[in-house]
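Notes to accompany the following structure.
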Amino acid sequence: MSQASNRGVVYKEPGKVAVESIPYPELAIGNRKCDHGVILKVVTTNICGSDQHMVRGRTTAPSGLVLGHEITGLVIETGRDVEFVKVGDLVSVPFNIACGRCRNCKEGKTGICLNVNPARPGAAYGYVDMGGWVGGQTEYVMVPYADFNLLKFPDADQAMEKIQDLTLLSDIFPTGFHGCVTAGVGPGSTVYIAGAGPVGLAAAASAHLLGAACVIVGDMNEDRLKQARSFGCETIDLTQEGDMADRLEAILGEREVDAFVDCVGFEAHACGCNHGKEAPATVLNSAMQMTRAGGQIGIPGLYVTEDPGAVDDAAKQGALSMRFGLGWAKSHSFHTGQCPVMKYHRPLMQAILFDKIKIADAVNVKMISLDEAPKGYADFDGGAAMKFVIDPHGSAA
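Numbering (full-length UniProt numbering), first residue to last: 1 to 397.
Written as structure tokens, this is what we have:
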């Protein structure tokens with residue numbers, strides 16, 4: 001099967017993306033046939049905060065990179081060795097590319113597959129240093145190791161009715177949930193979520209799903225804090241002066257939380273009167289201050305090994321000034337790294353299909369066309385309190 005054309009969102013230079021014609025995908029990896037892969041007609045593909053790190057010029061992403069790692073699509077072609085995924089299946093694609101064969105994949109650590117990126121463990125679509133795989137903010141995309149990676153929705157018509165929720169299974173819903181799980185969130189927990197972007201909002205909604213007693217979200221954007229309050233979160237405006245322990249006590253009656261989730265990452269800013277100043281370790285240091293002794297800290301926020309736009313030479317190499325002795329003294333545990341999406345996407349799909357969570361409402365999904373993607377990037381970078389979901393073919397409207 002062949003198609004004449006394909007278009008995608010391409011990174012051009014810091015602050016600029018464009019929608020351009022790109023090659024139609026082939027069932028191939030370099031010069032080698034990819035008999036275990038499939039080609040998808042992309043139904044929805046989301047703009048992620050980690051895409052913004054690249055577009056802001058804060059990584060070593062090359063010009064010409066086709067962006068996008070949050071993909072939901074319709075199978076239109078399968079390789080010879082694909083046994084269980086069929087043409088016509090509507091599927092969610094984990095952003096992690098995983099072989100299913102290596103030691104880490106067999107242990108469920110699909111975010112650090114050993115066979116899909118010659119440079120380091122772990123790969124993703126359309127992301128710098130993650131294996132060179134073509135991104136999915138496109139009309140069509142190739143997915144390798146299809147039988148292992150893809151999550152088929154049980155009923156395509158039902159799925160299309162909930163597509164604004166189900167599109168979030170490729171990354172931010174599992175990522176937010178994973179942040180809470182690794183922070184030890186459970187029934188009765190008090191939780192602080194750093195950051196009210198889409199992943200932070202997904203983490204806050206996940207904390208409620210896990211039974212948290214009180215979920216507090218901190219951010220500097222009032223629109224995003226308002227969005228967090230819309231589904232029952234307490235909020236802290238970090239542009240305002242004040243000791244964080246005092247502010248927690250005003251909400252909880254206690255000066256620390258049980259669980260802390262960092263949904264900000266390496267482009268963090270200082271608080272209060274210094275909120276316009278970048279301070280890449282500030283969230284990690286706050287986590288150790290704000291979390292009770294013996295508590296857990298989940299870190300789904302992205303930290304990088306190379307940041308050309310960092311505030312100092314150390315941070316340009318990913319070396320941050322942390323008061324690690326405090327975390328050691330308080331017996332904290334820290335959990336880092338990519339979310340292994342496959343660990344969570346099926347149960348979270350069920351939670352959506354059985355109306356246990358309205359994740360699209362929580363993160364405020366806004367559907368846009370492929371041609372509107374550059375504006376979506378600009379609005380997201382400008383602090384819009386919404387999750388932009390691209391509908392390349394107009395099929396998900």
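We put the beta carbon where it would ideally sit given N, CA and C, even for glycine.
Segment limits, alpha helix (DSSP H) that includes residue i
{"i": "Leu353", "result": "His345 to Leu353"}
{"i": "Glu161", "result": "Ala156 to Glu161"}
{"i": "Val363", "result": "Ile359 to Val363"}
N-terminal and C-terminal residue of the beta strand (DSSP E) that residue i is part of
{"i": "Gly327", "result": "It is not in any beta strand (DSSP E) - Gly327 instead sits in the alpha helix (DSSP H) that spans Phe324 to Ala329."}
{"i": "Lys86", "result": "Element bounds for Lys86: n/a, residue is neither H nor E."}
{"i": "Gly382", "result": "Run containing Gly382: none; DSSP gives neither H nor E here."}
{"i": "Lys356", "result": "Taken as a continuous stretch (DSSP letters only), Lys356 belongs to no beta strand (DSSP E), as it is neither H nor E."}
{"i": "Glu20", "result": "Lys16 to Ser21"}
{"i": "His335", "result": "Ser333 to His335"}
Inter-residue spacing [alpha-carbon to alpha-carbon] between residue i and residue j
{"i": "Ala250", "j": "Thr175", "result": "29 Å"}
{"i": "Gly376", "j": "Glu278", "result": "24 Å"}
{"i": "Ile47", "j": "Asp381", "result": "11 Å"}
{"i": "Leu151", "j": "His53", "result": "28 Å"}
{"i": "Arg58", "j": "Pro308", "result": "6 Å"}
{"i": "Leu74", "j": "Pro25", "result": "14 Å"}
{"i": "Pro154", "j": "Lys86", "result": "13 Å"}
{"i": "Met1", "j": "Ala373", "result": "Summary for Met1: the model assigns pLDDT 46, below 50, so the residue's position carries little reliability; its value from the coordinates is reported in the next sentence. If you take the alpha carbons of Met1 and Ala373, they lie about 28 Å apart."}
{"i": "Gln158", "j": "Ala203", "result": "25 Å"}
{"i": "Arg7", "j": "Thr138", "result": "5 Å"}
{"i": "Phe260", "j": "Cys180", "result": "8 Å"}
{"i": "Val42", "j": "Gly136", "result": "7 Å"}
{"i": "Gly394", "j": "Val365", "result": "16 Å"}
{"i": "Asn285", "j": "Met322", "result": "6 Å"}
{"i": "Asp371", "j": "Ile71", "result": "17 Å"}
{"i": "Glu234", "j": "Gln227", "result": "11 Å"}
{"i": "Lys356", "j": "Gly30", "result": "43 Å"}
{"i": "Phe177", "j": "Arg255", "result": "24 Å"}
{"i": "residue 429", "j": "Ser63", "result": "With the chain represented from 1 up to 397, any question about residue 429 goes unanswered, as that position is not in the structure."}
{"i": "Pro121", "j": "Gly108", "result": "14 Å"}
{"i": "Arg80", "j": "Asp219", "result": "49 Å"}
{"i": "Pro340", "j": "Ala310", "result": "28 Å"}
{"i": "Trp133", "j": "Ile390", "result": "19 Å"}
{"i": "Ala205", "j": "Arg247", "result": "21 Å"}
{"i": "residue 412", "j": "Leu114", "result": "In the structure as shown, the chain begins at 1 and stops at 397. Residue 412 is therefore absent and cannot be evaluated."}
{"i": "Cys105", "j": "Phe148", "result": "10 Å"}
{"i": "Asp313", "j": "Ala207", "result": "36 Å"}
{"i": "Ala329", "j": "Thr282", "result": "18 Å"}
{"i": "Leu320", "j": "Phe266", "result": "9 Å"}
{"i": "Arg103", "j": "Asp129", "result": "21 Å"}
Beta-ladder partner(s) of residue i, from DSSP
{"i": "Ala194", "result": "Gly218 and Asp262"}
{"i": "Arg32", "result": "Ile29"}
{"i": "Ile172", "result": "Beta-bridge pairing links Ile172 to no other residue."}
{"i": "Ile368", "result": "Ile390"}
{"i": "Glu278", "result": "His269"}
{"i": "Glu13", "result": "Lys16"}
{"i": "Arg255", "result": "DSSP lists no partner for Arg255."}
{"i": "Gly8", "result": "Glu20 and Thr138"}
Beta carbon of residue i nearer than 8 Å to that of residue j
{"i": "Gly195", "j": "Cys263", "result": "yes"}
{"i": "Asp223", "j": "Ala385", "result": "yes"}
{"i": "Cys34", "j": "Met142", "result": "yes"}
{"i": "His345", "j": "Ser92", "result": "yes"}
{"i": "Thr190", "j": "Leu252", "result": "yes"}
{"i": "Met288", "j": "Gly327", "result": "yes"}
{"i": "Met342", "j": "Thr182", "result": "no"}
{"i": "Ala360", "j": "Asp171", "result": "no"}
{"i": "Leu238", "j": "Cys271", "result": "yes"}
{"i": "Ala156", "j": "Thr78", "result": "no"}
{"i": "Gly126", "j": "Val116", "result": "no"}
{"i": "Gly301", "j": "Ser331", "result": "no"}
{"i": "Gly200", "j": "Ile193", "result": "yes"}
{"i": "Ile299", "j": "His335", "result": "yes"}
{"i": "Val55", "j": "Gly15", "result": "yes"}
{"i": "Asp258", "j": "Arg229", "result": "no"}
{"i": "Asn96", "j": "Gln338", "result": "yes"}
{"i": "His36", "j": "Ala124", "result": "no"}
{"i": "Thr44", "j": "Ile216", "result": "no"}
{"i": "Leu348", "j": "Leu169", "result": "yes"}
Any C-beta of chain C under 8 Å from that of residue i
{"i": "Ala205", "result": "Any reference to chain C falls outside this structure, which holds one protein chain only."}
Legend entry - Any alpha helix (DSSP H) of 4 or more consecutive residues that is wholly inside the region 284-321: If only complete runs of 4 or more residues are kept, the region 284-321 shows the alpha helix (DSSP H) at 313-316, in order along the chain.
Legend entry - Any alpha helix (DSSP H) of 4 or more consecutive residues that is wholly inside the region 207-250: Taken in chain order, the unbroken stretches of alpha helix (DSSP H) that lie wholly in the region 207-250 and span 4 residues or more are 222-229.
Legend entry - 3-residue-minimum beta strand (DSSP E) runs that sit fully inside the UniProt domain "Alcohol dehydrogenase-like N-terminal" (36-154), ordered along the chain: Secondary structure in the UniProt domain "Alcohol dehydrogenase-like N-terminal" (36-154): the beta strand (DSSP E) runs of 3 residues or longer, each lying completely within the stretch, are 38-46, 70-78, 90-93 and 140-143 in chain order.
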